[in-house]
Amino acid sequence: MPRPARSAPTGLLARENANDEIYERIYVAILEHRLHPGTKLGEDRLAKIFNVSRARVREVLSRLAHEQIVELYPQRGAFVAQPTPQQAMDVFEARRLIEPAILKRLVTQLTPDKVARLRQHEELEHDARRRDDRRAVVRLSGEFHVLLAELAGNSALLRSLRELSTLTCLIIFLYDAPTATSCRADEHAEIVDAIAKRDTARAEKLMLAHLDHIEHSLSLDNNTVEVDLEAVFRD
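For the sequence shown, the positions run -8 to 226 when our numbering is used.
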């Protein structure tokens, strides 16, 4: 008689959940431009902020480093990634290859529910702009592209796009692109309209123009700013 499948130990699940929560809080802080490129992520300070062990923090930082959102240096520690101008261009080149493929797959598998989710996200972006909530605008703009990949249903593309989208947020912050024009809500709305009409060619054309617009808005002057980690993660 086969043995019943054993569930993960409660302690392990709790640990994974705690790690996920810390990961998401750091990830969102980067998306919202509260953590600047080059910010040192000290293990001791983060362990105290999140009330966990340094080992737990180290696991989260290693995960972020694997996704290239954080850079680890021997004897120096962890820092929020600080993409170079060449790396910035590489990110946009990769996005120009990946995002049309995401759109093509999404259109072939489109459902009314998926269109509704895109419209809901579009409304969240409009609302954030009406409230002049800059942090929410930045975060939602990045999440729009991740949502496209999620709805397309390819997990490998989703992982790649999530990483590239986060790096783009860092690049926009680092090179001081004006958020209000670098990822305009009307561009997202036009892309959603094309998807809803199953017009793959137009959706791809709009997406490429959108990415070009963001890249061309970048300035190559960067600034390093001192950040108070306690203030960033204070509830």
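We treat Cβ as the ideally placed atom computed from N, Cα and C, and that holds for glycine.
Residues bridged to residue i (per DSSP)
i	result
A69	L63
K31	F70
Cβ neighbour criterion (16 or more within 10 Å) applied to residue i
i	result
S132	buried
H136	buried
T172	Because the pLDDT at T172 is just 45, under 50, the model does not fix this residue reliably, and the point stays unresolved.
H179	buried
F164	buried
H57	exposed
T157	buried
R121	exposed
A119	buried
P20	The sequence given here has Ala at residue 20, not Pro. A20 should be labelled buried.
A228	Any question about residue 228 goes unanswered here, given that the chain covers just -8 to 226.
R25	buried
E12	exposed
E116	buried
Cβ separation of residue i and residue j, assumed to be a contact under 8 Å, to the nearest whole Å
i	j	result
V61	F70	7 Å
C160	V183	About 21 Å separates the two Cβ atoms, so there is no contact after all.
G29	Q73	4 Å
L197	A185	6 Å
L94	A194	5 Å
I89	L220	With 8 Å as the limit, I89 and L220 do not qualify as a contact, their Cβ atoms being about 32 Å apart.
Q78	E154	Actually they are not in contact, since the Cβ atoms of Q78 and E154 sit about 12 Å apart, beyond 8 Å.
Proximity test, residue i beta-carbon vs the ligand COA heavy atom, cut-off 8 Å
i	result
L97	With respect to small molecules bound, the structure shown includes none, and the ligand COA cannot be examined in it.
Length of the line joining the Cα atoms of residue i and residue j
i	j	result
N10	I162	26 Å
E187	V98	According to the sequence provided, residue 187 is Ala. The question's Glu does not apply to it. Rounded to the nearest angstrom, the two C-alpha atoms are 8 Å apart.
E206	M80	8 Å
E114	K31	35 Å
A46	L37	11 Å
L92	R225	Checking the displayed sequence, the identity of residue 92 turns out to be Ala instead of Leu. Spanning the two alpha carbons is a distance of roughly 39 Å.
A192	Q111	23 Å
R108	A85	25 Å
T170	S210	Note that T170 has pLDDT 47, beneath the 50 cutoff, so the model's placement of it is unreliable and no number is given.
L152	D124	24 Å
G144	R126	28 Å
T102	D190	14 Å
Y64	R49	13 Å
D177	R67	43 Å
L232	E134	A question about residue 232 goes unanswered here, because the residues of the chain that appear run from -8 up to 226.
L202	R87	7 Å
Cutoff 9 Å: residue i Cβ touching any chain D Cβ
i	result
K196	Of the chains in the structure shown, none is chain D; there is only one protein chain.
Quiz item: At a cut of 8 Å, does the region 42 to 60 reach the region 137 to 148 through at least three beta carbon pairs?
Solution: no
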